[in-house]
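Chains as they are written, first to last, in my numbering: chain B, 86 to 285; chain Z, 86 to 285.
Glycine is no exception: its CB is placed at the ideal position from the N, C-alpha and C atoms.
I have placed the structure first, in the form of structure tokens, so that the comments after it can refer back to it.
2 protein chains.
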Amino acid sequence: MAPETRQRQADRSRETRRKLMEATVACLVELGWSGTTTTVVAERAGVSRGAQLHHFRTRGELVAAAVEHLGAESVLHLKERARTVHGSVVAVVELIADFYASDLFTAALELWVAARTDPDLRTVVVPLEARIGRETHRLAVELLNADEAKPGVREAVQITLDLVRGLALANQLTDDGNRRRRIVRHWARMLEAALEGDGL
Amino acid sequence: MAPETRQRQADRSRETRRKLMEATVACLVELGWSGTTTTVVAERAGVSRGAQLHHFRTRGELVAAAVEHLGAESVLHLKERARTVHGSVVAVVELIADFYASDLFTAALELWVAARTDPDLRTVVVPLEARIGRETHRLAVELLNADEAKPGVREAVQITLDLVRGLALANQLTDDGNRRRRIVRHWARMLEAALEGDGL
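Here it is as structure tokens:
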């Protein structure tokens, strides 16, 4: 096979994967886990069932890959936006909170909840959750320019992430945006003091 | 009908309701929303389908009543335990965090997530969520003996509840108890300072 043909095939294959993963997240957000069947996803992505099976053997594999893919893309997007806020703790915490109160969180929540009572799905999701947990912690440390050697700083970063997760959950059924913004700003001021390492 | 007969019937009716609601929560925790059908619940509760229909017309009604019932019982239990900790902020925050990282939260999470993509269920769950939100806030204020007139105290109480909600979510797939206890103790110390109204 000529190298250009091989390159074109690889591009097409990547494009098919991307289409499937984006359709999966859209389905999770719109229809929930139970409505996100491989058939519905293939149709929405405009991909044949054969091509879909070539990329993802099971629904669990497809959905986990989709959440991981969207996660990675969102991290890049978040880092880019973080560059524009020049290290303001309030602005960074607002960015992280918005990052959580997004379709990514909604899609992940559908997957996490389904995995709790589905042993096969669980084996896929538990390592994914651990990986995403480590990566978001590292990202928050970086964006906040946090020195974890100072007493209490590591805990304050963790509180930030658990808090925005709780706030994102409160945003699932109704728009909780106004309350969220108030809480986030208040916490950001407490965090600012904690990052100085006041030793609490 | 003799008054004693009427009383016995009322007792039996209450007992049937209680059995159905407890079986519902057990099903939600064990099987998730999709496995919690009215048939499975009636079987587990040892109640006829006719009797079940007399008490709850739809699955949504049954599940919402079950979550509300368990919520009210848990609040009583929490208040009782709170009496034994004599106003220690750390102990109270630990109690609230344990209250959230319980089967009640797991059952409610199944219901909340299902309601997001089910319009009928949503009309039942949105007011329930608002009511539970108000009640837990009031309960937290009471247990923490918080003076919301002081600047920042109201926000600190809200941060507590959103934080324990985020921590409870992290506990769904794997046991996150050790990390949770560390974070809760750290936050409780920050909260203690905030309750003094340091004006942040």
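Using beta carbons (cut-off 9 Å, strictly below), is residue i in contact with chain Z?
{"i": "Val174 of chain B", "result": "no"}
{"i": "Glu195 of chain B", "result": "yes"}
{"i": "His222 of chain B", "result": "no"}
{"i": "Arg103 of chain B", "result": "no"}
{"i": "His271 of chain B", "result": "yes"}
{"i": "Thr109 of chain B", "result": "no"}
{"i": "Thr90 of chain B", "result": "no"}
{"i": "Glu115 of chain B", "result": "yes"}
{"i": "Glu227 of chain B", "result": "no"}
Among the residues of its own chain, which have a CB less than 6 Å from the CB of residue i, if the five just before and after it don't count?
{"i": "Gly118 of chain Z", "result": "This sequence places Trp at residue 118 of chain Z; Gly is not what is there. Only Glu195 and Ala199 meet the Cβ criterion."}
{"i": "Ala176 of chain B", "result": "Val170"}
{"i": "Arg144 of chain B", "result": "Thr123"}
{"i": "Leu229 of chain Z", "result": "Val177"}
Can you give me the C-alpha to C-alpha distance between residue i and residue j, rounded to a whole angstrom?
{"i": "Asp96 of chain B", "j": "Ile217 of chain B", "result": "27 Å"}
{"i": "Met275 of chain B", "j": "Val238 of chain B", "result": "11 Å"}
{"i": "Gly262 of chain Z", "j": "Ile268 of chain Z", "result": "10 Å"}
{"i": "Glu240 of chain B", "j": "His140 of chain Z", "result": "47 Å"}
{"i": "Gly282 of chain B", "j": "Leu147 of chain Z", "result": "50 Å"}
{"i": "Pro236 of chain B", "j": "Ala273 of chain B", "result": "18 Å"}
{"i": "Ala167 of chain B", "j": "Val132 of chain Z", "result": "57 Å"}
{"i": "Leu138 of chain B", "j": "Glu165 of chain Z", "result": "55 Å"}
{"i": "Ala182 of chain Z", "j": "Glu107 of chain Z", "result": "22 Å"}
{"i": "Ala193 of chain Z", "j": "Leu206 of chain B", "result": "21 Å"}
{"i": "Arg99 of chain B", "j": "Gln243 of chain Z", "result": "44 Å"}
{"i": "Arg134 of chain B", "j": "Glu89 of chain B", "result": "27 Å"}
{"i": "Ala87 of chain Z", "j": "Thr121 of chain Z", "result": "38 Å"}
{"i": "Arg223 of chain B", "j": "Glu179 of chain B", "result": "17 Å"}
{"i": "Leu161 of chain Z", "j": "Pro204 of chain Z", "result": "31 Å"}
{"i": "Leu163 of chain Z", "j": "Val174 of chain Z", "result": "14 Å"}
{"i": "Glu128 of chain Z", "j": "Arg91 of chain Z", "result": "27 Å"}
{"i": "Glu94 of chain B", "j": "Trp197 of chain B", "result": "According to the sequence provided, residue 94 of chain B is Gln. The question's Glu does not apply to it. Approximately 34 Å, taken between the alpha carbons."}
{"i": "Arg314 of chain Z", "j": "Ala234 of chain Z", "result": "Look at the range of chain Z in this structure, 86 to 285, and you will see that residue 314 of chain Z is not part of it."}
{"i": "Arg142 of chain Z", "j": "Arg142 of chain B", "result": "40 Å"}
Within the 9 Å Cβ cut-off, does residue i reach chain B?
{"i": "Ile217 of chain Z", "result": "no"}
{"i": "Met275 of chain Z", "result": "yes"}
{"i": "Glu281 of chain Z", "result": "no"}
{"i": "Glu179 of chain Z", "result": "no"}
{"i": "Glu100 of chain Z", "result": "no"}
Does the Cβ-Cβ distance between residue i and residue j come in under 9 Å?
{"i": "Ala151 of chain Z", "j": "Val209 of chain Z", "result": "no"}
{"i": "Leu258 of chain B", "j": "Val249 of chain Z", "result": "no"}
{"i": "Glu220 of chain B", "j": "Gly156 of chain B", "result": "yes"}
{"i": "Ala225 of chain B", "j": "Thr245 of chain B", "result": "yes"}
{"i": "Ala279 of chain Z", "j": "Leu213 of chain Z", "result": "no"}
{"i": "Thr202 of chain Z", "j": "Glu115 of chain B", "result": "yes"}
{"i": "Ala130 of chain Z", "j": "Leu113 of chain Z", "result": "no"}
{"i": "Gly251 of chain Z", "j": "Gly251 of chain B", "result": "yes"}
Near residue i, what residues of its chain come up, given a Cβ to Cβ distance below 7 Å and the 5 sequence neighbours on each side ignored?
{"i": "Arg103 of chain Z", "result": "none"}
{"i": "Ala253 of chain Z", "result": "Tyr185, Ala186 and Phe190"}
{"i": "Glu153 of chain Z", "result": "Leu213"}
{"i": "Ala136 of chain Z", "result": "Thr101"}
Indicate, with yes or no, if the ligand GTP has a heavy atom lying under 8 Å from the CB of residue i.
{"i": "Ala130 of chain B", "result": "In the structure shown, the ligand GTP is absent, as is every other ligand, since no ligand is present at all."}
Looking only at its own chain, which residues have a Cβ that is under 8 Å from the Cβ of residue i, when we skip the five neighbours before and after it?
{"i": "Ala255 of chain Z", "result": "Asp261, Arg264 and Arg265"}
{"i": "Ser159 of chain B", "result": "Phe184, Ser187 and Leu189"}
{"i": "Val125 of chain B", "result": "Cys112 and Leu116"}
{"i": "Asp232 of chain B", "result": "Val238, Leu280 and Gly282"}
{"i": "Glu277 of chain Z", "result": "Val174 and Val175"}
{"i": "Asp247 of chain B", "result": "none"}
(message) For the region 117-146 of chain B, list every residue whose C-beta sits within 9 Å of some C-beta in chain Z, in sequence order.
(response) Gly117, Trp118, Ser119 and Gly120
(message) Using a Cβ-Cβ cutoff of 9 Å, what residues of the region 199-212 of chain Z are near chain B? List them in chain order.
(response) Ala199, Ala200, Arg201, Thr202, Asp203, Arg207, Val210 and Val211
(request) Compile a chain-ordered list of the residues in the region 234-245 of chain Z whose CB is closer than 8 Å to at least one CB of chain B. (result) Gly237, Glu240, Ala241, Gln243 and Ile244
(request) With 9 Å as the C-beta to C-beta threshold (strictly closer), list the residues of the region 245-269 of chain B near chain Z in chain order. (result) Leu246, Asp247, Leu248, Val249, Arg250, Gly251, Leu252, Ala253, Leu254, Ala255, Gln257, Leu258, Thr259, Arg264, Arg265, Arg267 and Ile268
(request) Give, in chain order, every residue of the region 151-175 of chain Z whose Cβ lies closer than 9 Å to some Cβ of chain B. (result) none
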